[in-house]
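Here is the structure we will look at.
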Amino acid sequence: MSAGDVMANRIVQTPTVYSFSSDFRDKAHVFECGAYSYKSNFGLPVADTLKKTIEVGFAHATEESGSVNAPYKMRLDMEDVDAQVSIMPGFWTMSYTIHVDLSGKVDVVDSSGTSVVKAEITGSGSASATGNCTALSKAIQVASEKAIRKMGSDFAYKVIDTNVLK
């Protein structure tokens, strides 16, 4: 879990208010297999992972709900979801390889509006499956979970563990 990637001696003590962009939780991708379509929402699980990481890495963090003042304000944006499926036809079954790439931005400003941390966070994951569309949907889930976990780890590494935020 990415919250486990937070170094114990790097926990941010300064009160921080964080917010997600308005479309963050809506980021999704549609996979098609024959007559089936699988819509995978990436925004919600990424937001949940980042919230858990923030809860561990920030001693005094609050999700913004109105005008709350804090020494640090952190904005999280989900920029891109890129997912690809490669299909290798076989004699009796299909083989699938799924690759998911996620990218986002984090911007932390201090009370004067000066940027303290700007980071691009990314995560990628791959999985393979052999079989029908049901096997494909399971592989999509595995690749997605890997990408989301890596994005949370990247956030911990680039924002919390850097020791820039005190």
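All letters in the sequence shown, in the order written, are residues 39 to 204 by this note's numbering. Just so you know, even glycine gets a beta-carbon here, dropped at the ideal spot from N, CA and C.
Exercise. Within 10 angstroms of the Cβ of residue 144, are there 16 or more other Cβ atoms? Answer buried if so, exposed if not.
Key: Translated into the one-based positions of the sequence shown, residue 144 becomes position 106. Buried, since its Cβ has 16 or more Cβ neighbours within 10 Å.
Practice problem: Taking the CB atoms as reference points, tell me whether residue 194 and residue 64 lie closer together than 8 Å. | Solution: The sequence position of residue 194 within the sequence shown is 156, counting from 1. The sequence position of residue 64 within the sequence shown is 26, counting from 1. No, these two residues do not count as a Cβ contact at 8 Å.
Exercise. Could you spell out the range, first to last residue, of the beta strand (DSSP E) harbouring residue 140?
Key: For this step, residue 140 is matched to residue 102 along the sequence shown. Looking at the DSSP string, the run of the beta strand (DSSP E) that includes residue 140 is 132 to 148.
Quiz item: Less than 8 Å separating the beta-carbons of residue 56 and residue 99?
Solution: Along the sequence shown, one-based indexing puts residue 56 at 18. Along the sequence shown, one-based indexing puts residue 99 at 61. Cβ distance < 8 Å, so residue 56 and residue 99 count as in contact.
Quiz item: Expressed to the nearest angstrom, what Euclidean distance is found between the alpha-carbon atoms of residue 39 and residue 187?
Solution: Residue 39 sits at position 1 when you count from the first residue of the sequence shown. Residue 187 sits at position 149 when you count from the first residue of the sequence shown. Unreliable placement is indicated for residue 39, whose pLDDT of 46 sits below 50; no coordinate value is reported for it.
Quiz item: What number of angstroms, rounded off, separates the C-alpha of residue 172 from the C-alpha of residue 52?
Solution: What you label residue 172 is simply residue 134 of the sequence shown in a count that begins at 1. What you label residue 52 is simply residue 14 of the sequence shown in a count that begins at 1. Looking at the two C-alpha atoms, the distance is approximately 47 Å.
Quiz item: Going by the CB atoms, is the gap between residue 136 and residue 92 shorter than 8 Å?
Solution: Locating residue 92 in the sequence shown gives position 54, where the first residue counts as 1. Locating residue 136 in the sequence shown gives position 98, where the first residue counts as 1. Cβ distance not < 8 Å, so residue 92 and residue 136 don't count as in contact.
Exercise. Pull up the CB-CB distance for residue 81 and residue 45, whole angstroms please, since I reckon it's below 8 Å.
Key: Taking the first residue of the sequence shown as position 1, residue 81 is located at position 43. Taking the first residue of the sequence shown as position 1, residue 45 is located at position 7. No, residue 81 and residue 45 are not in contact; Cβ-Cβ is about 27 Å, not under 8 Å.
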